[in-house]
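So the mapping is simple: the numbering used here equals the position in the sequence shown, first residue as 1, plus 116.
Beta carbons: idealized from backbone N, C-alpha and C, even for Gly.
I have placed the structure first, in the form of C-alpha cells, so that the comments after it can refer back to it.
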Amino acid sequence: MGTTASVAADTVNYVADKKVTTGTVQVKVIYKKKSIVLELFVLPSDSDTPIVGRQWLRHLGMIQVNGDKEGVNVLTIHTLSDISMSDLLREFDSVFSGKLGTYRGGKLLPLKPNAVPVFYKPRPVPFAMRKPLDKELERLIRENIIEPINSSDWVTPIVPVIKSNGEIRVCGDYSISVNGELIVVRHPIPKVADLLSKLLGGVIFSKVDLAHAYQQFELDEASKNLTTISTHKGLFRYNRLSYGIASAPGLFQKEMEKLLDSVKETGLTVKLEKCQFSEQKIQSLGYELDSKGLHVSESKIKAILKMEAPTKVAELKSFLGAILREIH
C-alpha cells in the first residue's frame with residue numbers, strides 16, 4: 117500500500133447521493149498479472165458498498181471506448197467570474213438603475229359596502245426621530261410616493277420604524293382605520309421553511325432584493341385617498357402601495373410569483389447592493405443556506421449564546437421564551 121492523503125473532498129455515488137470523503141489512499145492493484153497503483157476514496161463509515169469505478173476499469177484494461185481511445189467532448193463551463201458583471205449590468209441597466217421602479221398596472225384597494233371613514237390626528241414624534249423622519253418624508257415626496265393634500269375622509273396616524281441602517285420607514289397605522297373596512301386581497305404567503313427547503317442541495321446561490329418593495333406598486337386613483345397619513349408636517353396621501361395596508365402582502369406576493377417570468381417586462385427595479393450572485397452561501401429570512409443545508413443565522417442566535425445558563429425554573433422559562441422569539 118502506498119501513501120495516504122487526508123484532504124477531504126466531496127463526491128457522489130452511483131445513485132447521485134453526495135458523499136463526504138475523509139481522504140484518499142494509493143493502493144497497489146494486481147489484475148491478470150498487471151500491477152498498477154490506483155487511488156481509493158476513504159469514507160468515514162463502512163455503510164456504503166465500494167464499487168470499481170470507470171477510472172479503475174480503464175486503467176486495468178477492462179473497458180475500451182471507441183476502440184483504443186476514449187472519446188471525450190470538452191465543454192467549457194464559465195463561472196460568474198468569467199462573465200463580466202459590467203456586461204450583465206449594462207444589459208439590464210434599467211433593472212439595476214437604483215431608481216424607484218414602477219409596476220405597470222395600478223392596484224385597487226376595494227372597500228366593504230357601507231364603509232365609514234375615520235380621521236385620526238398625528239401622534240407626537242420623539243425629538244430624536246424628527247430629523248430622520250423629515251428626511252424620509254422629503255424622499256417620499258421627491259420620488260412622488262406621497263403628495264401633500266389639504267383634506268381627506270380617511271386619515272391615519274403614522275408609526276415611524278427605525279431600520280437596521282438607522283433610516284426611518286414610515287408606516288401608517290392602518291390597523292385602526294382603513295384595514296377593517298377593506299376587502300382584503302388574499303393570496304397564499306409561502307412559509308419560510310417551505311421556500312428554503314426547495315433550495316436544499318444547491319451549491320451556488322443568488323439573492324435579489326427589490327428596492328423599496330411595496331412602493332414600486334402604483335395605486336389607482338380611487339385607492340389613494342384611503343392611504344392618507346397625518347404627520348407633524350401635515351396630511352399626505354400615498355400614490356403607491358403603503359406599508360401597513362392589509363392587502364399589501366397578498367398583492368405583493370401575487371406579483372412576485374410572476375417575477376421569474378421577466379423582471380424587466382414588469383418595470384420593477386432591483387437594489388444592487390443587497391443582491392448576491394453565485395455565492396456558496398447566502399443569508400435570507402433569518403437563515404443561512406449553503407451546500408450542506410439550512411442553518412439558523414448566527415445573528416439570530418447571537419443573543420442566546422451570550423445568555424447565562426438558567427439555574428431556576430423562572431430563568432429556564434425566560435430562556436426558552438427567548439429561544440422561541442429568536443428562531444421564529
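Under the three-state DSSP convention, the category residue i falls into
i, result
"residue 258", "helix"
"residue 236", "coil"
"residue 347", "strand"
"residue 273", "strand"
"residue 264", "strand"
"residue 282", "coil"
"residue 174", "helix"
"residue 196", "Its pLDDT being 45, under 50, residue 196 is placed unreliably in this model, and the coordinates cannot settle the point."
"residue 206", "helix"
"residue 158", "strand"
"residue 141", "strand"
"residue 224", "coil"
"residue 431", "helix"
"residue 248", "helix"
"residue 424", "coil"
"residue 307", "coil"
"residue 313", "helix"
"residue 364", "helix"
"residue 339", "helix"
Residue(s) in a DSSP beta bridge with residue i
i, result
"residue 147", "150"
"residue 242", "Paired residues: none, contrary to the question."
"residue 356", "334"
"residue 288", "274"
"residue 298", "227"
Cβ-based neighbour list, residue i, same chain, cut-off 7 Å, excluding 5 preceding and 5 following
i, result
"residue 194", "Confidence at residue 194 is low in this model, with a pLDDT of 46, below 50, so the placement of that residue is unreliable and no value is reported for it."
"residue 340", "353, 354, 355"
"residue 185", "With a pLDDT of 46 at residue 185, under the threshold of 50, the predicted position of this residue should be treated as unreliable, and no value is reported."
"residue 347", "238, 253, 274"
"residue 155", "140, 142"
"residue 429", "none"
Residue from the options whose Cα sits closest to the Cα of residue i
i, options, result
"residue 231", "371, 295, 435", "295"
"residue 241", "260, 286, 263, 265", "286"
"residue 150", "173, 229, 261", "173"
"residue 422", "435, 430, 428, 429", "435"
"residue 349", "292, 293, 297, 257", "257"
"residue 302", "284, 293, 154, 369", "369"
"residue 160", "263, 138, 234, 245", "138"
"residue 283", "338, 292, 270, 248", "248"
"residue 246", "236, 278, 259, 263", "278"
Sequence-distant residues of its chain with Cβ nearer than 8 Å to residue i (five each side left out)
i, result
"residue 300", "362, 363, 366"
"residue 250", "349"
"residue 297", "227, 228, 231, 232"
Sequence-distant residues of the same chain with beta carbon closer than 6 Å to residue i, five excluded per side
i, result
"residue 290", "272, 360, 361"
"residue 265", "351, 353"
"residue 239", "273"
"residue 275", "287, 289"
"residue 331", "261, 356"
"residue 144", "153"
"residue 426", "432, 435"
"residue 345", "272, 274, 288, 352"
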